[in-house]
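Student: Before anything else, here's the structure in question.
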Amino acid sequence: MRTVILKINAKKPQISGIRRAASIIRRGNLVAFPTETVYGLGADALNAKAVKKIFVAKGRPADNPLIVHVSDKESVNDLAGDIPQLAEKLISRFWPGPLTIVLKKSKTVPKITTGGLDTVAIRMPKNKIAQALIREAGTPIAAPSANFFGRPSPTLAKHVLDDLDGRISAIIDGGQTRIGIESTVIDLTRKTPMLLRPGRVTLEELQSAIGRVDVHPILKGKKSALVHRSPGMKYKHYSPDAHVILIEGQSALVHKKILKLVQQFGKQGKKVGVITIRGDKYTKNTRRVRTDSEFAANLFKIFRECDSKKIDVILVQGIPRKGIGLGIMNRLSKAARTKIMA
Ligand code: AMP
Ligand code: MG
373 MRTVILKINA KKPQISGIRR AASIIRRGNL VAFPTETVYG LGADALNAKA
423 VKKIFVAKGR PADNPLIVHV SDKESVNDLA GDIPQLAEKL ISRFWPGPLT
473 IVLKKSKTVP KITTGGLDTV AIRMPKNKIA QALIREAGTP IAAPSANFFG
523 RPSPTLAKHV LDDLDGRISA IIDGGQTRIG IESTVIDLTR KTPMLLRPGR
573 VTLEELQSAI GRVDVHPILK GKKSALVHRS PGMKYKHYSP DAHVILIEGQ
623 SALVHKKILK LVQQFGKQGK KVGVITIRGD KYTKNTRRVR TDSEFAANLF
673 KIFRECDSKK IDVILVQGIP RKGIGLGIMN RLSKAARTKI MA
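Counting the sequence shown from 1 gives a position; our numbering is that position plus 372.
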């Protein structure tokens with residue numbers, strides 16, 4: 373299959389390109405498109421055959437559910453069986469935006485879309501291309517991140533092409549995605565809402581909007597029988613080919629540890645990359661970010677750049693788990709083969 377690239381302006385999406393992409397979706401084929409978080413791989417969420425193609429193209433396990441993207445709040449009524457008041461609160465505060473809400477599913481949603489679960493994850497993205505595409509397609513769009521299974525999520529059209537060229541019908545190139553890590557996921561099908569995946573909409577913001585929010589035990593590093601509620605959590609993710617080492621602790625100690633590891637791996641003839649927040653330039657391949665937002669926006673891109681430079685080891689300085697830091701540390705922990713407390 374030849375993968376067509378459609379270049380579309382993110383600020384003022386050209387309707388001709390959007391129409392072309394929407395017709396591909398309506399015909400039951402796959403289009404990758406930018407959202408404000410990462411690039412998604414979209415199919416008609418209500419067409420089981422089309423959704424099947426997402427799992428095949430990505431090499432994604434069938435029990436890992438997809439997020440259904442909508443362009444208006446009313447669509448939630450068709451997709452979800454029961455809409456609690458808390459959902460309405462979250463929707464009016466955070467949509468359109470990087471928050472995915474898990475609700476009881478209606479009969480309209482095929483089981484394949486929800487990985488066999490009786491719940492459905494729904495989000496209304498803010499990105500103008502994403503909104504126009506969903507509107508023009510006239511159907512909700514199921515879309516996981518548009519990477520090959522296990523690889524870092526794509527934040528540029530080029531990343532999608534690197535992973536999925538020849539496996540999908542089209543990619544909309546709308547430039548770099550702004551946030552850089554996937555949406556926050558909250559489960560509202562329980563007595564107390566539960567954070568399943570941290571992201572740009574922070575735990576603190578959720579708590580201030582709706583009060584008590586439990587944090588899934590796996591996010592706290594604990595084993596849990598609740599894993600079946602969000603099967604995506606059990607899979608390894610976001611991994612570059614390089615061996616990622618996450619180093620946490622007091623900054624002076626982390627600094628010393630990085631120096632030591634750079635030396636040690638250097639002696640072994642290994643090519644070492646470092647990612648730090650406002651840190652030193654330890655090696656030729658050090659990427660320094662200034663803020664947590666910049667960290668999130670560039671993390672997956674840096675992982676992919678390290679792979680194209682054939683870097684063997686990536687040393688990453690941990691950050692405090694607050695605000696978007698919780699989401700960043702969640703992605704880093706999943707990507708890291710080794711975790712060190714300095
Ligand atoms: P991705 O967009 O590739 O990050 O994948 C979507 C993620 O959303 C999955 O890995 C799940 O963790 C989560 N998700 C989607 N649907 C559900 C659901 N019904 N219940 C819980 N989590 C879900
Ligand atoms: Mg993903």
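Glycine included, every Cβ here is placed at the ideal spot set by N, Cα and C.
Between the C-alpha atoms of Leu458 and Ile582, what's the straight-line distance to the nearest angstrom?
Tutor: Translated into positions along the sequence shown, residue 458 becomes position 86. Translated into positions along the sequence shown, residue 582 becomes position 210. About 7 Å.
Student: Mark Met496 as exposed unless 16 or more other C-beta atoms lie within 10 angstroms of its C-beta, in which case mark it buried.
Tutor: Within the sequence shown, numbered from 1, the residue matching residue 496 stands at position 124. Met496 should be labelled buried.
Student: Give the C-beta separation of Leu528 and Gln548 to the nearest angstrom, bearing in mind that I take them to be a contact with Cβ-Cβ under 8 Å.
Tutor: For the purposes of this step, residue 528 is taken as the residue at position 156 of the sequence shown. For the purposes of this step, residue 548 is taken as the residue at position 176 of the sequence shown. Between Gln548 and Leu528 the Cβ distance is about 5 Å, and since that is below 8 Å, they are a contact.
Student: Hey, could you find the ends of the alpha helix (DSSP H) Pro666 is sitting in?
Tutor: Here residue 666 refers to the residue found at position 294 of the sequence shown. Just to set this straight, residue 666 is Glu in the shown sequence, not Pro. From DSSP, the alpha helix (DSSP H) with Glu666 extends over 664–680.
Student: Quick one, which of Ile473, Ile390, Ala518 has its alpha-carbon nearest Val573's?
Tutor: One-based indexing of the sequence shown puts residue 573 at position 201. With distances taken between Cα atoms, Val573 lies closest to Ile473.
Student: So the candidates are Ala518, Ile390, Arg693; which of them puts its Cα closest to the Cα of Gly571?
Tutor: Counting from 1 along the sequence shown, the entry for residue 571 is found at position 199. Of the candidates Ala518, Ile390, Arg693, the one whose C-alpha sits nearest the C-alpha of Gly571 is Arg693.
Student: Out of Ile647, Asp652, Ile683, which has the shortest C-alpha to C-alpha gap to Leu704?
Tutor: For the purposes of this step, residue 704 is identified with residue 332 of the sequence shown, where counting begins at 1. Closest by alpha carbon: Ile647.
Student: Quick check on the DSSP output: the alpha helix (DSSP H) that includes Val616 runs from which residue to which?
Tutor: For the purposes of this step, residue 616 is taken as residue 244 along the sequence shown, with counting starting at 1. First-last for Val616: 615–620, but that is the beta strand (DSSP E), not the alpha helix (DSSP H).
Student: Pull up the CB-CB distance for Arg551 and Ala669, whole angstroms please, since I reckon it's below 8 Å.
Tutor: Stepping through the sequence shown from its first residue, residue 551 is reached at position 179. Stepping through the sequence shown from its first residue, residue 669 is reached at position 297. Looking at the sequence shown, residue 551 is not Arg but Ile. Indeed they touch by this definition, with Cβ atoms about 7 Å apart.
Student: How close, in whole Å, do the beta carbons of Leu475 and Leu462 come, if the pair is a contact with beta carbons under 8 Å?
Tutor: Counted from its first residue, the sequence shown places residue 475 at position 103. Counted from its first residue, the sequence shown places residue 462 at position 90. About 11 Å separates the two Cβ atoms, so there is no contact after all.
Student: Please confirm whether any heavy atom of ligand 1 lies closer than 8 Å to the CB of Val492.
Tutor: In the sequence shown, the residue the question calls residue 492 occupies position 120. Val492: yes, Cβ under 8 Å from ligand 1.
Student: Is the distance from the Cβ of Leu451 to the Cβ of Thr480 below 9 Å?
Tutor: Within the sequence shown, numbered from 1, the residue matching residue 451 stands at position 79. Within the sequence shown, numbered from 1, the residue matching residue 480 stands at position 108. Yes.
Student: Tell me, which residues are paired with Lys694 by DSSP?
Tutor: As a first step, residue 694 is located in the sequence shown; it is residue number 322 there, counting from the start. Paired residues: none, contrary to the question.
Student: Taking DSSP as the reference, what is the three-state secondary structure of Val423?
Tutor: Locating residue 423 in the sequence shown gives position 51, counting from the first residue. If DSSP states are grouped into helix, strand and coil, Val423 belongs with the helices.
Student: Cα separation between Thr710 and Pro437?
Tutor: As a first step, residue 710 is located in the sequence shown; it is residue number 338 there, counting from the start. As a first step, residue 437 is located in the sequence shown; it is residue number 65 there, counting from the start. In a straight line, the C-alpha of Thr710 is about 28 Å away from that of Pro437.
Student: Out of Thr561, Arg662, Ser665, Gly538, point me to the one whose CA is closest to Asp454's CA.
Tutor: Here residue 454 is taken as the residue at index 82 of the sequence shown, counted from 1. With distances taken between Cα atoms, Asp454 lies closest to Thr561.
Student: Pairing CB atoms from the stretch 424–436 with CB atoms from the stretch 513–525, are three or more of them under 8 Å?
Tutor: yes
Student: If we count the other Cβ atoms within 10 Å of its Cβ and call it buried at 16 or more, is Gly510 buried or exposed?
Tutor: In the sequence shown, the residue the question calls residue 510 occupies position 138. Gly510 is exposed by the Cβ-count criterion.
Student: Grab me the residues of Asp613's own chain with a C-beta within less than 7 Å of its C-beta, minus the 5 sequence neighbours each way, in chain order.
Tutor: The count along the sequence shown starts at 1 and reaches residue 613 at position 241. Cβ within range, chain order: Asp679.
Student: Can you list, in chain order, the residues of its chain with a C-beta nearer than 8 Å to that of Thr663? Leave out the 5 residues immediately preceding and following it.
Tutor: Within the sequence shown, residue 663 is the residue found at index 291, counting from 1. Excluding sequence neighbours, Thr663 sits near Ile649.
Student: Is the beta carbon of Ser443 closer than 9 Å to that of Arg507?
Tutor: For the purposes of this step, residue 507 is taken as residue 135 along the sequence shown, with counting starting at 1. For the purposes of this step, residue 443 is taken as residue 71 along the sequence shown, with counting starting at 1. Yes, Cβ-Cβ distance for Arg507 and Ser443 is below 9 Å.
Student: Could you give the residue range of the alpha helix (DSSP H) that holds Leu413?
Tutor: For the purposes of this step, residue 413 is identified with residue 41 of the sequence shown, where counting begins at 1. It is not in any alpha helix (DSSP H) - Leu413 instead sits in the beta strand (DSSP E) that spans 411–416.
Student: Using the C-alpha atoms, what's the distance from Ile553 back to Val440?
Tutor: Position 68 of the sequence shown, counting from 1, holds the residue named residue 440. Position 181 of the sequence shown, counting from 1, holds the residue named residue 553. One C-alpha to the other measures close to 17 Å.
Student: What's the C-alpha gap between Leu591 and Met605?
Tutor: As a position in the sequence shown, residue 591 is number 219, starting the count at 1. As a position in the sequence shown, residue 605 is number 233, starting the count at 1. Roughly 9 Å separates the two Cα atoms.
Student: Since Ile619 and Gln689 should fall inside the 8 Å C-beta cutoff, what is the C-beta to C-beta distance between them, to a whole number of angstroms?
Tutor: The count along the sequence shown starts at 1 and reaches residue 619 at position 247. The count along the sequence shown starts at 1 and reaches residue 689 at position 317. That pair is a contact at about 6 Å.
Student: Could you tell me which of Leu698, Met713, Gly645 sits nearest to Lys681, measuring between CA atoms?
Tutor: Position 309 of the sequence shown holds residue 681. Closest by alpha carbon: Gly645.
Student: I'd like the list of long-range same chain contacts for His627, defined as Cβ closer than 8 Å, with 5 residues on each side in sequence excluded.
Tutor: Counting from one through the sequence shown, the residue named residue 627 turns up at place 255. Excluding positions up to five away in sequence, the list reads Gly651, Asp652.
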